[in-house]
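Enquirer: Please read through the structure below; I'll follow up with questions.
Protein chains in written order, with the working numbering: chain A, -13 to 300; chain B, -13 to 300; chain C, -13 to 300.
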């Protein structure tokens, strides 16, 4: 952390994690960097997750405060988010197949929850439940202030053989086309202008940069543009992202570079690349007489330093 | 108009507008510029429009020539188009959710019209009616010569609160992915090669430039490429448009720069940007030895001066 | 062939073709170039093909080895592939509306085949049959080693009048958006890692380059990136292809330039353009200090000479 001059590092963690490592680091006066957890509830809201029913049962048992069913489920979710906040978390991260959101009547949601939990539901009901839970996660973020990040459009565990041999998240996820505009409308209609709500949208589908994400970030004060996920080592793709969104949103709606890495040693390299790419984009603007050098000097600080601080409330 | 050297300016107008301001300008011998109306029937063909039933009733009452129902509706539409043509209109503009077109049997269309009018129809029937009316609008353009422009793929009035407080068209429209190829097939099958028919296609979805719009404009003599709508102040996006379509269509299928502005003072600035962007694209072609300077000198006139004159029959 | 220094030229041929011209060329000791056939079974697997039933009947009669129905159909298909291999074929080419693949139970497939053949099937059943046959074609490629090339997403014979007057394949095909990720999953799940299986994917939908094709080619050893079909005379589009895929796949997953021409004289021109475009891309990499000149010298040979040899087993 010293060598790489890392100011802040966020892990992603299971909602049931007691976060003891995080708590000890916080208690250690000799450790002067920030290492914070991130609330990642995928296994508890994605009805397709392995052992969804078991996960939900454990969640309610641990933190449902004696309540059962859907009520216990939401209570437990709120309680664990608070536990994460107490351990330093600033955001909740959501890996979803699609960014579909849906506002269900609580009775209907409770009924669906019971069906999904017992595996007695159609594919359509499962999708509705997941869309509703994305909506509920936004509501909780509005309430408790955790920044909401969404990573849709990756078809996880694409190759069955690799999944059987090596398990989930072993490098065979393949992107899908993503639709944000209609999908997020129910969520944004109710929370898009809520004070303090921050929604950082990531995509693997470049077509959404100019068509959907930049217009949404241009209108909604809550929406921030996530850095170009999966293209984080890819200068061409990063420049395409910047060229696609800047004319609509300017430089101020960026969520900052998130390195999304599992390899500690890659952190400085990835950030170095990101900084050079942003500098390269600005250099082109300067050479084309579209911004001045003094303005470029301000913007590079905005993109590299200010953007992540603002978007993630650091 | 003098200061900005505006040769021609087109407004968009409600079909029921008597166009008195246009008629007085035409009668004023001291005014030497062209200011022309544009027939914009959205509120009378989009079944989702606010007070669609009332609009349709007023249209038939004003111009149905005593006929009722679907017959009176089409009669009135034709009659108002003629009124616009008499006042100088050269085009009819269609803002549609999707470019879906559909040829319905007249009996079926009349039945659907009655259902939609009374609000007694499914979402699917409403979509079918709108698709059929896009087809009928093309038929009328073939008959009366009005250039047909289509602006699909904007989800209008996206944010309910802003709509409630400020009304429609107040800056919260968000683009959707658009499909042209299958959607326009019924319309193009019957009218795509009709003599004198001009169809200018606009999009907010850049992916359609090289995949659908350029191939359609390359085949159909009626199809012209609309300037990159919503990116009209965006040099990067305008260059992407030009790069995406030119290799398929050459420079001759362009509909010319349409500034699409509501701010009079922005007109010269927007056209200035458009001209510089086209010049910049051609300059690159010259530097890369792909066209000669004399050819570039011809092409810039073609793109800036000839294209809009040809496409809009000016 | 001498003048243009053509090493190898592949035609596409009907499965029932006896390939006599190919066989005579092979027997001619004075002809030192390679001219090879390609197995193109579209008219026998696309249920929408003109006279599908007649085609299938002729196929089974010629090569079904006395078997009838679905069994005779598969037997005949295998037999004709072998005939093509004996005449020098290295690949089977599949022009499909979508890359949808589906693994059906053989009983179910046989039932569907009978329905489709008699024209007694729904649109949905026809689609299922075609998807199943794409899967079966992959299985046969795994068995017999023919490289499988797939060209999806062209809506063929778009304009009914032109089709009526000039017949199929007369220049009025228009691209559609294509989905590869979900569509190919059944096929890739079973054959994607099969030794010796080569699957070259072409597209007219540029959005799939970075989103789907490069990730699939990055994971599956069988998947190769087809050259940018329909943009083969289009330097801008070819550079977009290279920029979109290289950061994900490097230079080694390319299927090589396939000129896809019907005009003999265009062959050297098209290959010349392709070589210059690749050289131009590498030159930019060099100028940007991203690769060295010696590495660029290796890569250009890899892209132009090695890639097609490897992908097509030449």
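The beta-carbon is built from N, C-alpha and C at its ideal position, and this holds for glycine as well.
#1: Where in the stretch -1 to 74 of chain A do unbroken runs of the beta strand (DSSP E), each at least 3 residues long, occur, reported from the N-terminal end onward?
#2: Pick out whichever of A:120, A:198, A:71 has its Cα sitting closest to the Cα of residue 95 of chain A.
#3: Classify residue 108 of chain C: buried if its beta carbon has 16 or more other beta carbons within 10 angstroms, exposed otherwise.
#4: Would you mind working out which of A:60, A:222, A:98, A:125 sits nearest residue 231 of chain C, comparing C-alpha positions?
#5: Please return the same chain residues whose Cβ sits closer than 8 Å to the Cβ of residue 301 of chain A, not counting the five positions on each side in sequence.
#6: If you count every other CB in all the chains shown that lies within 10 Å of the CB of residue 93 of chain C, and 16 or more means buried, which is it?
#7: On the premise that residue 164 of chain A lies in contact with residue 84 of chain A, defined as a C-beta separation below 8 Å, what is that separation, rounded to the nearest angstrom?
#8: Near residue 177 of chain C, what residues of its chain come up, given a Cβ to Cβ distance below 6 Å and the 5 sequence neighbours on each side ignored?
#9: Pop quiz: residue 62 of chain C and residue 50 of chain C are said to be a contact at Cβ under 8 Å. What is the actual Cβ separation, rounded to whole angstroms?
#10: Can you pull the chain C neighbours of residue 217 of chain A, defined as C-beta to C-beta under 9 Å?
#11: Chain B partners of residue 201 of chain A, CB-CB under 7 Å?
#12: Closer than 7 Å by beta-carbon distance: list the chain C residues that pair up with residue 85 of chain A, in chain order.
#13: What does a CB cutoff of less than 7 Å around residue 219 of chain A pick up in its chain, not counting 5 residues either side in sequence?
#14: Could you say if the stretch 167 to 176 of chain A and the stretch 184 to 201 of chain B meet the contact criterion of at least three C-beta pairs nearer than 8 Å?
#15: Any Cβ of chain B within less than 8 Å of the Cβ of residue 179 of chain A?
#16: Taking the alpha helix (DSSP H) that residue 286 of chain C falls in, what are its first and last residues?
#17: Please tell me whether residue 257 of chain A has its Cβ less than 8 Å away from any Cβ of chain C.
#18: Listed from N- to C-terminal order along the chain, which residues in the stretch 116 to 143 of chain A have their beta-carbon within a distance smaller than 7 Å of any beta-carbon of chain C?
#19: Relative to the C-alpha of residue -9 of chain C, which candidate in C:19, C:207, C:186 has its C-alpha closest?
#20: Alpha carbon to alpha carbon, how far is residue 148 of chain C from residue 65 of chain B? Give it in angstroms, no decimals.
#21: Anything in the stretch 78 to 104 of chain B with a Cβ closer than 9 Å to a Cβ of chain A? List those residues in chain order, please.
#22: Given a cut-off of 8 Å on the beta-carbon distance, is the pair residue 265 of chain C and residue 272 of chain C in contact?
#23: According to the neighbour-count rule (16 or more other Cβ atoms, all chains shown, within 10 Å of its Cβ), is residue 77 of chain A buried or exposed?
#24: What do you reckon, are the CB atoms on residue 285 of chain A and residue 237 of chain A nearer than 8 Å?
#25: Quick one: Cα of residue 15 of chain C to Cα of residue 8 of chain C, how far?
#26: Strictly below 8 Å CB to CB, what residues from chain C border residue 205 of chain B?
#27: If you measure from the beta carbon of residue 190 of chain A to each beta carbon in chain C, is any gap under 8 Å?
#28: Run through chain B and tell me which residues come within less than 7 Å of residue 24 of chain C, C-beta to C-beta.
#29: Should residue 25 of chain C and residue 1 of chain C be called a contact, given that it needs their Cβ atoms to be closer than 8 Å?
#30: In chain A, which residues lie less than 7 Å from residue 193 of chain B when you measure between Cβ atoms?
#31: Throw me the rounded Cβ distance for the residue 102 of chain C and residue 33 of chain C pair, which I believe falls under 8 Å.
#32: Going by DSSP, what residue range makes up the beta strand (DSSP E) through residue -4 of chain C?
#33: Mapping the DSSP letters down to three states, classify residue 135 of chain B as helix, strand or coil.
#34: If the criterion is Cβ atoms closer than 8 Å, does the pair residue 139 of chain C and residue 189 of chain C meet it?
#35: Please list the partners that residue 171 of chain A has in chain B, where partner means a Cβ-to-Cβ separation under 7 Å.
Expert: On the basis of the supplied data:
#1: Taking only runs of at least 3 residues, the beta strand (DSSP E) segments lying wholly in the stretch -1 to 74 of chain A are 20 to 22.
#2: Position 109 of the first chain, counting from 1, holds the residue named residue 95 of chain A. Closest in alpha carbon position to residue 95 of chain A, among A:120, A:198, A:71, is A:120.
#3: Residue 108 of chain C sits at position 122 when you count from the first residue of the third chain. Here residue 108 of chain C is exposed. Its C-beta has fewer than 16 other C-beta atoms within 10 Å.
#4: If you number the third chain from 1, residue 231 of chain C lands on position 245. Cα-wise, what sits closest to residue 231 of chain C is A:222.
#5: Chain A is shown only over -13 to 300; residue 301 of chain A falls outside these bounds and no answer can be derived.
#6: The residue labelled residue 93 of chain C in the question sits at position 107 within the third chain. Exposed, since its Cβ has fewer than 16 Cβ neighbours within 10 Å.
#7: Translated into positions along the first chain, residue 84 of chain A becomes position 98. Translated into positions along the first chain, residue 164 of chain A becomes position 178. The pair is a contact, with the Cβ atoms about 7 Å apart (cut-off 8 Å).
#8: For the purposes of this step, residue 177 of chain C is taken as residue 191 along the third chain, with counting starting at 1. Cβ neighbours of residue 177 of chain C beyond the five flanking positions: 124, 128, 183.
#9: If you number the third chain from 1, residue 62 of chain C lands on position 76. If you number the third chain from 1, residue 50 of chain C lands on position 64. Contact flag correct, Cβ pair sits at about 4 Å.
#10: Along the first chain, read from residue 1 onward, the residue named residue 217 of chain A stands at position 231. The contacting residues are 196, 233, 234.
#11: As a position in the first chain, residue 201 of chain A is number 215, starting the count at 1. 160, 161, listed in chain order.
#12: Numbered from its first residue, the first chain carries residue 85 of chain A at position 99. In chain order: nothing, as chain C lies at least about 15 Å away.
#13: Position 233 of the first chain, counting from 1, holds the residue named residue 219 of chain A. Counting only Cβ-Cβ distances below 7 Å, and skipping sequence neighbours, we find 256, 259.
#14: No contact exists between the stretch 167 to 176 of chain A and the stretch 184 to 201 of chain B.
#15: The residue labelled residue 179 of chain A in the question sits at position 193 within the first chain. Put simply, the CB of residue 179 of chain A is near chain B, with a gap under 8 Å to one of its CB atoms.
#16: Position 300 of the third chain, counting from 1, holds the residue named residue 286 of chain C. Residues 279 to 287.
#17: For the purposes of this step, residue 257 of chain A is taken as residue 271 along the first chain, with counting starting at 1. Residue 257 of chain A does not count as touching chain C.
#18: Answer set for the stretch 116 to 143 of chain A: 141.
#19: Here residue -9 of chain C refers to the residue found at position 5 of the third chain. In terms of CA proximity to residue -9 of chain C, C:19 leads the group C:19, C:207, C:186.
#20: Against the second chain, residue 65 of chain B aligns to sequence position 79. Against the third chain, residue 148 of chain C aligns to sequence position 162. One alpha carbon belongs to residue 65 of chain B, the other to residue 148 of chain C, and they sit about 34 Å apart.
#21: Hits within the stretch: zero.
#22: Here residue 265 of chain C corresponds to residue number 279 of the third chain, with the count starting at 1. Here residue 272 of chain C corresponds to residue number 286 of the third chain, with the count starting at 1. The answer is no: Cβ separation not under 8 Å.
#23: Against the first chain, residue 77 of chain A aligns to sequence position 91. Buried, by the Cβ-count rule.
#24: As a first step, residue 285 of chain A is located in the first chain; it is residue number 299 there, counting from the start. As a first step, residue 237 of chain A is located in the first chain; it is residue number 251 there, counting from the start. Yes. Within cutoff.
#25: Within the third chain, residue 15 of chain C is the residue found at index 29, counting from 1. Within the third chain, residue 8 of chain C is the residue found at index 22, counting from 1. C-alpha separation (whole angstroms): 13 Å.
#26: For the purposes of this step, residue 205 of chain B is taken as residue 219 along the second chain, with counting starting at 1. Under a criterion of Cβ atoms nearer than 8 Å, the residues of chain C adjacent to residue 205 of chain B are, in order, 144, 145, 157, 158, 160.
#27: In the first chain, residue 190 of chain A corresponds to position 204, counting from 1. The Cβ of residue 190 of chain A sits closer than 8 Å to at least one Cβ of chain C.
#28: Numbered from 1 along the third chain, position 38 holds the residue referred to as residue 24 of chain C. Listed along chain B, no residue sits closer than 7 Å to residue 24 of chain C by beta-carbon distance, the nearest being about 25 Å off.
#29: Here residue 25 of chain C refers to the residue found at position 39 of the third chain. Here residue 1 of chain C refers to the residue found at position 15 of the third chain. Taking a C-beta distance under 8 Å as the contact criterion, residue 25 of chain C and residue 1 of chain C qualify as a contact pair.
#30: Locating residue 193 of chain B in the second chain gives position 207, counting from the first residue. Here the neighbours are 193.
#31: By 1-based counting over the third chain, the position of residue 102 of chain C is 116. By 1-based counting over the third chain, the position of residue 33 of chain C is 47. Indeed they touch by this definition, with Cβ atoms about 5 Å apart.
#32: The residue labelled residue -4 of chain C in the question sits at position 10 within the third chain. Taken as a continuous stretch (DSSP letters only), the beta strand (DSSP E) holding residue -4 of chain C covers -6 to -4.
#33: Your numbering for residue 135 of chain B matches position 149 in the second chain. The answer is strand: DSSP assigns residue 135 of chain B an E or B state.
#34: Against the third chain, residue 139 of chain C aligns to sequence position 153. Against the third chain, residue 189 of chain C aligns to sequence position 203. Cβ distance < 8 Å, so residue 139 of chain C and residue 189 of chain C count as in contact.
#35: Locating residue 171 of chain A in the first chain gives position 185, where the first residue counts as 1. Within chain B, the residues placing a beta-carbon under 7 Å from that of residue 171 of chain A are 144, ordered along the chain.
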